[in-house]
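Under my numbering, the first residue of the sequence shown carries the number 21, and numbering increases by one thereafter. Glycine is no exception: its CB is placed at the ideal position from the N, C-alpha and C atoms. Below is one structure; the comments refer to it alone.
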Amino acid sequence: MTRSLTIAGLAGLLLVAILLLWPRADLAARVGAGISAHVPCSLAVHGDLDPEWVMDHYLDPVIGPPARWIDVARDPATGTVESRAGFIASARAIWRPGVGCTLVLDRDEARLRRFRDPPHAPPLPADRPWPEGDAPLAEPPSPALAAALEAAF
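Dropping the structure here:
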């Protein structure tokens, strides 16, 4: 009887500990999965670096020993990186031209992919000098300025 009460008490304590610690473990796993998706997306998809090298040099020092429980998969054809922290959490990052890498999280991926490169300013006129245009100065405004520029550069 005493032995079964002890086992029941220990099981109850274990259950309470799991219930108290689970939210923190879940949060840590979600953060780790997010970092493990976003960083390789930026460096491996956009920067064309080796994903294993990125994990070894960028993520392992930040995440520490739990990094060995995170699986990362890169798909260069779609510009996506998926990471999974055990059975607790997963994350997906997508790369979009002009925007970079974005964690999908709870958002609709198709909606995110519609927003791509933001509009650019029109090119500056080639016949006007800077800052009004993109043409170089025809000649320095004065010999003193020309001498100062020559001495500086």
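With 16 other Cβ atoms within 10 Å as the buried cut-off, status of residue i
i, result
"R112", "buried"
"A64", "buried"
"V74", "buried"
Proximity to residue i [Cα-Cα], best of the options
i, options, result
"R148", "A109, V92, A158, P96", "A158"
"S110", "P161, A167, A49, A155", "A49"
"H66", "A31, D126, G99, E152", "G99"
Residue i: first and last residue of the uninterrupted alpha helix (DSSP H) it sits in
i, result
"R131", "129-134"
"A167", "163-172"
"E159", "Premise fails: E159 is in no alpha helix (DSSP H) and is neither H nor E."
"D80", "80-83"
CB contact flag (residue i, residue j, <9 Å)
i, j, result
"D1", "L144", "Nothing about residue 1 can be reported from this structure: the residues present for the chain run from 21 to 173 only."
"I114", "A45", "no"
"P81", "G52", "no"
**Message:** Using a Cβ distance threshold of 8 Å, determine whether the segment 43-61 contacts the segment 105-123, with at least three qualifying pairs required.
**Reply:** yes
**Request:** Could you tell me whether the segment 92-105 touches the segment 61-77, where touching means 3 or more Cβ pairs closer than 8 Å?
**Result:** yes
**Prompt:** Any chance the segment 103-117 sits against the segment 80-92, with 3 or more Cβ pairs inside 8 Å?
**Reply:** yes
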